[in-house]
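Each remark here refers to the structure printed beneath this line.
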């Protein structure tokens, strides 16, 4: 933590000596920051970019990425799409926010260093889990993407645009979406023609009849709507992906281990998708013995502009055996 603190101080000093340049940032970033604010962030980015030989280089990226949304005066909440036309009252000064976030990270590092059990981070695909040994886990707690709830690729667009990883919306398809569980229609536009193959995939045999019936209804309903969303493809691809996750979880979970999934169901075009039931059946097909669902709250009851009135829920899916 002391080394990281010294590193952050050196980046801040280096940034103060640099001349900001904002002209080359993509349009999204220019819309999200006034030039003065963006200039301060650019100085920090340029200073950080000069520290590739530091063992804290990745920590510097994390610190800077973590303040980008709070330093923008437009709508940049993590749970929503970037809204350049929306403003917010409280905007952080980039240098102050950088140092403040560094103090928080430093405190977390110090607290973690006192633990007798160091953590291990594996960057793996949950559908493959190549780096996880057989029978390793005794308890798995996670929350997979909810179907038709959020475009997780778009959630990276502000940060990736700032760091130059993408220059526009299209860059997210190859840069991010192809690596994610296919949980929204933006992920499946290139594979709409493969919907029937997805429904017939051997990995979803346990729910085939129910899945086919829902996907057929969604495809039929699609023609009645102007947007013609590919919900039928998304639902099929989502459960194929999750079936493969369950198969890998069976491999890496010890006998007698437990799994807790925080999940929510869905009703695209008002057609209900019983996510908890299908997840449980896929888990059992993968080799787990039992499943149960514990509802924690109702969904789709708050907003007056909701597109359907189908009752939805959120809760904990418990799988064991």
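Numbering (my numbering), first residue to last: 53 to 373. Note that CB positions come from ideal geometry on N, CA and C, so glycine has one too. Just so we're clear, the structure is a prediction, and the values are computed from it rather than from any experiment.
Identity of the residue in the options nearest residue i by Cα
i, options, result
"residue 298", "217, 194, 77", "194"
"residue 148", "253, 346, 63", "63"
"residue 361", "319, 177, 216, 201", "319"
"residue 98", "246, 70, 257", "70"
"residue 121", "101, 207, 186", "207"
"residue 292", "90, 306, 337, 323", "337"
"residue 248", "237, 288, 224", "288"
"residue 141", "134, 124, 150", "124"
"residue 332", "306, 323, 302, 307", "302"
"residue 324", "224, 273, 118", "273"
"residue 197", "328, 102, 118, 151", "328"
"residue 201", "305, 80, 239", "239"
"residue 199", "282, 307, 58, 53", "282"
"residue 308", "169, 58, 90, 373", "373"
"residue 267", "75, 346, 250", "250"
Residues of its chain near residue i, where Cβ-Cβ distance is below 7 Å and the 5 sequence neighbours each way are ignored
i, result
"residue 348", "366, 367, 368"
"residue 314", "195, 368"
Straight-line Cα distance separating residue j from residue i
i, j, result
"residue 241", "residue 94", "35 Å"
"residue 83", "residue 261", "48 Å"
"residue 232", "residue 295", "14 Å"
"residue 234", "residue 246", "13 Å"
"residue 159", "residue 269", "52 Å"
"residue 258", "residue 252", "11 Å"
"residue 237", "residue 203", "8 Å"
"residue 344", "residue 312", "10 Å"
"residue 340", "residue 221", "40 Å"
"residue 164", "residue 191", "20 Å"
"residue 229", "residue 279", "21 Å"
"residue 88", "residue 145", "10 Å"
"residue 65", "residue 86", "23 Å"
"residue 326", "residue 172", "34 Å"
"residue 126", "residue 139", "4 Å"
"residue 72", "residue 106", "22 Å"
"residue 335", "residue 371", "7 Å"
"residue 136", "residue 209", "13 Å"
"residue 342", "residue 265", "25 Å"
"residue 185", "residue 275", "46 Å"
"residue 96", "residue 300", "41 Å"
"residue 225", "residue 67", "33 Å"
"residue 263", "residue 134", "33 Å"
"residue 81", "residue 215", "10 Å"
"residue 187", "residue 310", "12 Å"
"residue 103", "residue 290", "40 Å"
"residue 284", "residue 217", "31 Å"
"residue 167", "residue 53", "14 Å"
"residue 101", "residue 143", "25 Å"
Same chain only: Cβ atoms within 6 Å of residue i, ignoring 5 sequence neighbours per side
i, result
"residue 219", "78"
"residue 364", "317, 351, 352"
"residue 60", "154"
"residue 175", "none"
"residue 4", "The structure shown does not extend to residue 4, since the chain is modelled only from 53 through 373, so no value can be given for it."
"residue 304", "181, 184, 188, 189"
Where the alpha helix (DSSP H) containing residue i begins and where it ends
i, result
"residue 81", "79 to 84"
"residue 193", "Not the alpha helix (DSSP H): residue 193 falls in the beta strand (DSSP E), residues 189 to 194."
"residue 263", "260 to 274"
"residue 129", "Counting along the chain, residue 129 falls outside any alpha helix (DSSP H), and DSSP gives it neither H nor E."
"residue 254", "Element bounds for residue 254: n/a, residue is neither H nor E."
"residue 71", "No alpha helix (DSSP H) contains residue 71, which DSSP labels as neither H nor E."
"residue 113", "109 to 117"
"residue 221", "Careful: residue 221 lies outside any alpha helix (DSSP H) and carries neither H nor E."
"residue 96", "87 to 101"
"residue 290", "283 to 304"
"residue 151", "146 to 165"
"residue 210", "209 to 214"
Bridge partners - residue i, DSSP secondary structure assignment
i, result
"residue 315", "367"
"residue 244", "Paired residues: none, contrary to the question."
"residue 325", "318"
"residue 310", "191, 372"
Range of the contiguous beta strand (DSSP E) that encloses residue i
i, result
"residue 138", "135 to 139"
"residue 350", "342 to 351"
Contacting residues, own chain, Cβ-Cβ under 8 Å from residue i (five flanking each side not counted)
i, result
"residue 56", "108, 111, 154, 157, 158, 161"
"residue 114", "157"
"residue 277", "321"
"residue 182", "176"
"residue 223", "212, 217"
"residue 129", "121"
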